[in-house]
Each structure stands twice: as C-alpha cells, then as structure tokens.
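Here the sequence shown stands for residues -29 to -1, 1 to 998, numbered as in mature numbering (1 follows the signal peptide of the UniProt record, and there is no 0).
Even glycine gets a Cβ: it sits at the ideal position worked out from N, Cα and C.
The structure appears below as structure tokens.
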Amino acid sequence: MGSKRSNMAIRVHFFCILVLFNLLSPCHSATPTNYSTPLNRSSFPASFVFGAATAAYQIEGAAHDGGKGPSIWDTFVKKHPEKISDQSTGDVAIDFYHRYKEDIHLLKGLGMKALRLSISWPRVLPSGKISGGVNPEGVKFYNNVINELTSNGLKPYVTLLHWDVPQALEDEYGGLLHPNIVNDYRDYVDVCFKEFGDRVKNWITMNEPVSVSMNGYAYGTQAPGRCSNYIGNCTSGDSATEPYIAAHHQLLAHAAAVKLYREKYQTSQKGEIGITLASYWIMPKTPTAAGLKASHKALDFTLGWYLHPLTYGDYPRSMRATVGHRLPKFSAEQSKMLNGSMDFVGINYYTSKYASFSAPINTVNLSYTTDSHVDLTTEKNGSNIGQPTALSWLYICPKGIKDLMLYIKEKYNNPAIYITENGMADLNNSTLSVKEAIQDSLRISYIHDHLWHLQTAIKEGANVKGYFAWTLFDDFEWDAGFTMRFGLFYIDYKDGLKRYPKHSAFWDEEENLETKLAMAIQGSLLLGFLVLVNSLAWTELDAATDHVSPLFNRSSFPAGFMFGASSAAYQYEGAYNEGGKGPSIWDNFTHTYPDKILNRSNGDVADDFYHRYKEDVKLMKFIGLDAFRFSISWPRILPRGKLSEGVNKEGVAFYNNLINELLANGIQPLVTIFHWDLPQALEDEYEGFLSTRIVDDFKDFAEVCFKEFGDRVKHWITMNEPYIFITNGYDSGALAPGRCSAWMNNGCPAGNSAIEPYVVAHNMLLCHSATIKLYREKYQASQKGEIGITLVSNWMVPYSNSKPNVKAAQRALDFMYGWFIHPVVYGDYPQSMRAIVGKRLPRFTAEQAKLLKGSFDFIGLNYYTANYAANVPFANSINVSATTDSQANLTSSRNGKPIGDPTGVSIFFVYPQGLRDLLVYTKEKYNNPTIYITENGIGDANNSTVKEGVKDTQRIDFYRRHLLALKQAIKEGVKVKGFFAWTFLDTFEWGSGYTLRFGLNYVDYNDGLKRYPKFSALWFKNFLRKE
C-alpha cells in the first residue's frame, strides 16, 4: 500500500509540473488551459469534416501478399535496417490489409466522418507502369475498403502517393530523380480515378513532398536513402541538387495528375483534388526585421517550395536567389499548368520553430539543409518553444496552427484547406501495461488546444474545411519504426496486434469533438483530493473514471450563466425542535406515519445543515458553485404559521448567517420560500392549503422574508413543485399531509382525491400571485431582485404515432406542467383540464386571472425523466382521481425496452433529450420565458460503503448528457439562465427516507454525517473551473 501511495503522489506532482510548464511556455501563452474552452461540432462550420489519417505502408502490411510489388520502403528497411530505430519493417505493420473491416467499424464508433488513406502504387501497378499490368487483387482490396467506408457513412479521402514509389521505377530510372516519373505517375492515377472515382470525391495527389525531398534525398534518413557523403551515411546521392530535382518532378507529377482529373473525370465524378504539404510554423527568434526575414525565408524553403508554384507558377524568389542554377526552372507551359493546380491544399502541422539567420560559411559542401542560411531551433533564452513530447523535434505549440493558417490566407490567396495531419507521439514504453499506455491525457490536451486555435483561425477568415488527426492507430512510424505511438488506438504488438482505444479515442458520437474528459488528468485531480479524504487506490480510481465526462465546461454556456446546487430545509437542516422552530406537517407526518417512509426515518437531524452550514459552504466554494438554492422553513420563521403569533428571531438569525456566509464566499443565494414544510399549526387550524385563508398567511410569511433577507437575496422562488406536493399529499396520500380518498387504501385519515388536489393547486396559485404582487409593488424596485416559481415536469413521448397517443402525451403535459404554468402565463388552466375535470376544477375570478397572468420573472424547472404516454379511454366515473383525470397511461418502457438507462430510482430513467424537448416546448407554447433549471439529478440506492459510494460515474454521465441537451436548447433560442444540480448532499428523500442518494457529496449516516465529495463533485469542480 505504501508504494501505491508514493506512486499516486508522484503522478499528482507530475501533473502539477505539467500544468505549470504549460503556463510558462511561449507556445501556450495564448492557448486556453486544459479544457477551459468548449469544443464540439457546432464550434466549426456545418460542413466541416472530422476524420483520422493513415498511410498504406504504415498500416497495411501484407508486403508480399495479393500481387503487390515492392516499394522503395520495402527495399530501404531491408537494405538499411540500421536506419530504423528498432530495425523493424512495415512487412506486417498493423495488418490493416486483413483487418480493414474491424478497423473501419472502430473508426465509425468514434463518430468521425472520414478516413484519409493512401493507395499503394505498387499494390495497384506492381511494376510501377501501366504497361506492366494492373494488379486485380490490389484494385479489389481498395474497392473493398472504399465500399466498407461508404457503407458505414464514412468518406474516403484518398492520397495517391504517400512515399511508397515502386522499387521497379527506382531501379529503372532513379524514380523521382527522372522526368519519366511524371508520365508513369499520371498513368497510375488514371487507373485510380477510373477504378475508384465514382465513390472517392476527395483526392490528394501526394503527401508531404518536402519530407520526401529532404529526408530521402538530402539527409538520406528515409527511402530511398540518398545523400552526399558529407551529410550522412549514404552510398550515393547529392544533397545539393537531388532534393530540388525530386521536388521539381513531384510538382510536375502533381500538376499532370490534376490536369488529367480536371479534363477527364472531374465533371462526371464531381470530386475535388489537391495536395498535402507539411510545414512548421516558424517564428523569429528575435523581434527584429532580420528575425522576421529569417522566419519568412525558412517558410519559403519548406511550405513555399511547393505552395508558391501551385499558387503562382514558380518557386519563391528567395529560393531562386539563394539556390541559383541548382533550382530547376519550369517551362512556360509547366508554369501555367502548375498555377492554380489545386482545389484545396492539405496541411500537416505538428510543431513550431524559431528562426535566425546564419552566415553562409560553406561554399563547397552545399545542401538543401543549409541553403536557406537560417538556423531553426526550439529554444530561446534557455526556454523551450513549447512543452516537449516523446519526439525530440516535436514541441507542443498549438497557436502555430492558427498563425500558419492566417499566413497561408494572406500570402496564398486564402485557398481551401484541410488539416490532413495533426498529432503527437508517445514513446512505445514496453514497461507500461496496456491500461497505463492508453491513458494519453497529453494527446487530449494537444488535440483540444490545436482545435481551439484552428476554430479561431476560421473565425478570422481562414478557409479551413476539415481536420484529420494523425493517426487512427499506432503504426510503423518510418525511420522511428514502432518506437513511437501516434494513434488514437493502441496496438498491442506483443499480443496479436489487438486494438485498444486510448482515452483520446473517446469521441462522443452525438458531439464529435466533445471528447471524453482527459481521464488521466481528471484522475489526477480526483486523486489529489480523494487521497486526503478517502484513501482510494489509484487503480480503483482509474476504473471508476473510465467513462467520466467529456471535454465540456462552463464556457460552453452564455456569460453570466449560473451553476449551482439545490436543497430544501426539511431535507437538510435537521434541528427540528431547536432554535425556536415550530413543527411542520413533515415533522408530524414522519412521526405519525413512520411506515410511509421506506426506512421509517425522518428529517429530525437530516444532514444537520443547521449546525454545519459553514463547513458545507466551504465545500460549495471548493467545487466552484456560483449559487446555492435553499428553502426557508416557514415554521422556523413563524413557529405558529402566522405573523400575529410572532417572528422567531433565532430562525431569522440562522438564515441571515447562512446568506452572509454564502455571499462572503462568492456564492449567490437562490431562495425558495415554500418547499413543502407548511406549519402544522395552520394544518390544524384550517387544513392548510385546503382553505383560502392560507393566501394571507403565505403572503405574510413571504413579506417577513423579503423584509429580513431581500437586501441580499436577488433570486426568489415562491414555491417548489406544487404538482408533487399536491398529487402525493392530497391524491395518493404518500407524502405530507397524507390525505387521499378511502378507496385509495393508503391509510389516509381523510381526503378526497377527486377534489382536494384541485382545491390545493388553486390556493397555491393564489398564494403565488399574491406574493408576486407584494414583491413587485413593495420590494422589487428597491431590492432589485427577481421572483418566480419552480415547477416540475417529465417529458411525455407518445407511445406511438397514433393520433390518440399523441393527444394523450399533450394531455399528460397539461395535467402535470400546464396545470401551473398555463395559469401564470395565460391566467387560466389548460383547456384540456377544463374539458375533463369540469366543475371539480375551480375557477379564477377576473381579478385573480389578471393577477396570475405574467406573475413571474422566471420559471424554475425541475426535470428528471420522461415517460411514454398512451391514450386511456375514460372508464371510471366513481373512483375519480386527479392522477387519472388526464386519461393517459404513463409508462417507462415500450415493447419491452425502457425509455432510457435505469437508475437507482425505479421510476426514473435517463432521458436527456427530454430536457431539450421540454425547454423548446416551453419556449414555443409559453412565450419563451426566462428559465432556470432548478433541479436535475439522479439517485443511487443507499447500499454501499463510502469507498464505493463516491464512485458515481453514472451521475457524471447523467449530468454531462443533460448539460449537452441544455446547451442545445439554448442554441435553439430557449432563454435558460442557470442550472442547479439536485442535490448538493445526500439527504432525506421524502417518502424514500435515506434509501436513495442524489447528492454530489456523500453523507456517511453511519459515521457522524461526515461529507465526502463524490467523483461527480470533482467532475463539477473541473467543469466549473474558470480561466
């Protein structure tokens, strides 16, 4: 156990060091810290394409299968194994050739829309020439891959040459060094257009010609391995001339392919064609004119070497001036053919460099690598340009992608661009288990931050059309062999090339860019706190966070949006007979009818919030809540329920102290005036809400609250969920005050389930409107607050599309939601209620209707679940009840399938779409009111230890999905101003007692009510973190 704790401490410490490093690195100075900025598909244009990139030699394998001829890479790895870091080859690679169906299904599972793949020239033309014959097995393979992609809704983006020139052409005439390559390449691509162009709509002529020219012909570190002997360990080559010749022929081959496609295929096949180039972003090492000139020249010798001819028909002037006669010239016809020879340009971006001039000191041993007379470095003043990675040349510089896009926009006429590669590598560390190796939090940060800057570039006018991560799978990484892992999927090279999604691969299918939270980072955050409070082992925490929330945070919502948690006095406070408090109907109900509470418990002590509020407010601040919703206990302020019976000063002091403590900690109070705990004295005197006398007493109680607390409370709620209070308190009798008809057989001492629910609802609405009138006339102008009401509703889905069931769903909404929102918006009950309930439904006077209409500044909405609604013909005129009057049968399943994932509450199923649907329905039917989500949450069964109870991954998923639905509703115009989780602490859950746990924080009922943040609390802490 000691070693595990030591490991955990090291990992937390390492995480802190990484965060600090990010903040200090120049490439991060303009980059959001991890997950501070939301990204999803809607952050980008509607037609923007997200995908992953691959290359044939790196993934296919089957080097000698299916009629394939050898490529220069097949030869190079065999002839020069010392030039590959681990002396490996791509003979098998990751066996995509035999596993493409499996792999395409994995890609589809990520929610991506495209795969960039390359066609192996020697697999289609084994000899490299059309005269040597087309390989039907090769054509069939790519047809199968393309068909598999398209049948799975994925677009193929096809690279025609990704470095694997047929060895036969290298042997015959030196491959890219000879102009014959142009015609042979054109013949090859003609085969591809002819065979695959009916389905391939996005063609890339070649990948990174700069890398081929530089590494293959200047340094000699990659195939075909040519260089001057003063540059590297090569048997032949000329680093001063061959890179430029190879580049020239690649450009001419590209132009010939584009001309062919445009003249012969583009009109009928309706595709587009471009080229993929690679470039660093290059910054001046010093902020001087010379430094700026050096950076531009370095860009000319990498990006401009190819993009300048494609845009303007010739090489950059700086190259012509420096390289001179060694730089080939284009004929007038070639120049014309090159100019504009692309429908788009693909850009591969990985990192950035600093540039400074170096004096030309060598006129003998010339090389492309020194011709620019610019030194490229990754260090300045002792600091790295960005965070280092496993690759010595790759430092994390996300801002560079934006700067590069804007540079291309300005210098090269704003072409259409696809980011065809972007990614980073981890070291292939054989000491790590698969479980450890898939925790690639740095990759998640890398992708997130680059996408953030990319969408900024788009906002600034760059014409970027898509983004492809490099790469889908760990693979053969050229001269690095299998020592580096770039993939979103881990390949187990020791166990049959099994595929395992890394944490970076968890792209949400509904929100393509909303990746799952960086689990290792989140794990470290959780760990740093939970080690202190809960002694959880790292491995347990890893397992618990395998499916935690996505890349998603507070800035996904409008500025000023309020995030909080909700509570209620009876459920939290305890101290039921302390501090001068009088009894409520809930004190009486739980003591008189303990059998109606599942574990015969009560709220006498509850969470002891009355004595522990300061501790709890500190926990709220730690999590980062903007607000806390609580209710004021009516009998704690007015013990006998009436103003004439006296105000309890101790009660007033308690709420003053609580409000002050919240404000002192930067937390806004959102106060519910009535949350079900009616003074028992009023129930005894005149049966509470069954009497119209309640209106004046309610108004008096509210006025004490406005007077005592209104200088600091700016958000008031008159009452919580009248529907639940009424249907359970006066129809089924399951909750206080426990009234129902005798035929309900629920042990109710009195009641009438057909009439009393409507009477109580009517009087509650009158209490609400009287309170609104009082606040608006007497307090609102001076206190500058707002006031509303909190209602609850399930979303109702028609059981089928039949007209009766559609109408049943609407009636069900009217009887649950419309019962209260319709009067406060329009001044009367829904027409469907009037038609069915008839004379049992009270009527409002003209004055009451006028008072009710518009009696809110906002609507509080509590949403938990959804139901299917089926029509039920009216068949019972004797045992009438408010809960059956809607003539709708509400169920949670259809054809044996539940409406959503089950939860610890038997009647609650997870249905996030319902929140969006309910909000849009409210917008359209009720004049788009301002709304706060005042409760939303999920219950677990109380049957676990603290250690297990805090691992609430389903709650994290619940909140993530509901917040995404909420965000969508806001995007559709719903005016939602805040979201409050139910609930902050595990608590007394009314008729369920303590058998359910809804809290973000675990309360240990067996050990002094100690509080422990659950994983969901820490998720919210991360979610709510401010920049």
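Through-space distance from residue j to residue i, alpha-carbon basis
| i | j | result |
| --- | --- | --- |
| Lys585 | Gly262 | 58 Å |
| Pro214 | Tyr71 | 35 Å |
| Gln802 | Pro813 | 13 Å |
| Gly550 | Asp575 | 13 Å |
| Ala303 | Ala440 | 38 Å |
| Pro529 | Val945 | 12 Å |
| Asp271 | Ser343 | 9 Å |
| Ala988 | Leu971 | 5 Å |
| Lys894 | Ile792 | 12 Å |
| Leu706 | Ala85 | 55 Å |
| Asp158 | Ser239 | 19 Å |
| His(-2) | Ala780 | Here His(-2) scores only 46 on pLDDT, less than 50, and its place in the model is too uncertain to base an answer on. |
| Val921 | Leu77 | 32 Å |
| Phe696 | Gly709 | 10 Å |
Within 8 Å, strictly: CB atoms of residue i and residue j
| i | j | result |
| --- | --- | --- |
| Ile603 | Tyr581 | no |
| Val110 | Val95 | yes |
| Ala428 | Met395 | no |
| Gly452 | Ser59 | yes |
| Lys552 | Arg600 | no |
| Ala330 | Ile253 | no |
| Met591 | Ile638 | yes |
| Ser877 | Asp702 | no |
| Thr836 | Phe879 | yes |
| Tyr788 | Pro794 | no |
| Phe444 | Arg470 | yes |
| Arg468 | Asp66 | Here the sequence assigns Leu to residue 468, which means Arg is not the residue at that position. Yes. Within cutoff. |
| Gln754 | Gly825 | no |
Residues sharing a beta bridge with residue i, DSSP
| i | result |
| --- | --- |
| Val345 | Phe328 |
| Trp174 | Val129 and Ile244 |
| Tyr438 | Phe21 and Ile390 |
| Asn842 | Ala859 |
| Phe994 | DSSP lists no partner for Phe994. |
| Lys868 | Arg865 |
| Lys469 | Asp463 |
| Glu757 | His686 |
| Leu967 | Ala912 |
| Val160 | In the DSSP output, where bridge partners are listed per residue, Val160 has none listed. |
| Tyr973 | Tyr983 |
| Asp397 | Arg456 |
| Met767 | Asn838 |
| Glu350 | Asn355 |
| Ile367 | Gln358 |
| Val808 | Per DSSP, none; premise fails for Val808. |
Residue i in three-state terms, based on DSSP
| i | result |
| --- | --- |
| Gln639 | strand |
| Val20 | strand |
| Ala536 | strand |
| Gln358 | strand |
| Asn907 | coil |
| Trp961 | helix |
| Trp134 | coil |
| Met83 | coil |
| Val881 | strand |
| Phe672 | helix |
| Phe457 | coil |
| Ile603 | coil |
| Gly262 | helix |
Below-8 Å beta-carbon distance, residue i vs any chain C residue
| i | result |
| --- | --- |
| Trp134 | Note that chain C does not occur in the displayed structure, where there is just one protein chain. |
message: Taking contact to mean 3 or more Cβ pairs, one atom from each stretch, closer than 8 Å, check whether the segment 269 to 278 and the segment 127 to 144 are in contact.
response: The answer is no - the segment 127 to 144 does not touch the segment 269 to 278, with fewer than three Cβ pairs under 8 Å.
With a threshold of 8 Å, are at least 3 pairs of Cβ atoms found where one atom belongs to the segment 199 to 213 and the other to the segment 418 to 433? With a cut-off of 8 Å, the segment 418 to 433 and the segment 199 to 213 do not count as touching, because too few Cβ pairs lie within range.
Measuring CB atoms only, is the segment 704 to 723 touching the segment 663 to 670, in the sense that at least three cross pairs come out at less than 8 Å?
With a cut-off of 8 Å, the segment 663 to 670 and the segment 704 to 723 do not count as touching, because too few Cβ pairs lie within range.
Next item on the list: May I ask you to verify whether the segment 408 to 416 touches the segment 24 to 36, counting CB pairs closer than 8 Å and requiring at least 3?
Entry: The segment 408 to 416, when compared against the segment 24 to 36, does not touch it at the 8 Å Cβ threshold.
Counting pairs of beta carbons, one from the segment 214 to 228 and one from the segment 173 to 191, are three or more of them closer than 8 Å?
Judged by Cβ distances under 8 Å, the segment 214 to 228 makes contact with the segment 173 to 191, as three or more pairs qualify.
| task | Examine the Cβ distances between the segment 908 to 920 and the segment 853 to 866 and report whether three or more of them are shorter than 8 Å. | result | No, they do not touch.
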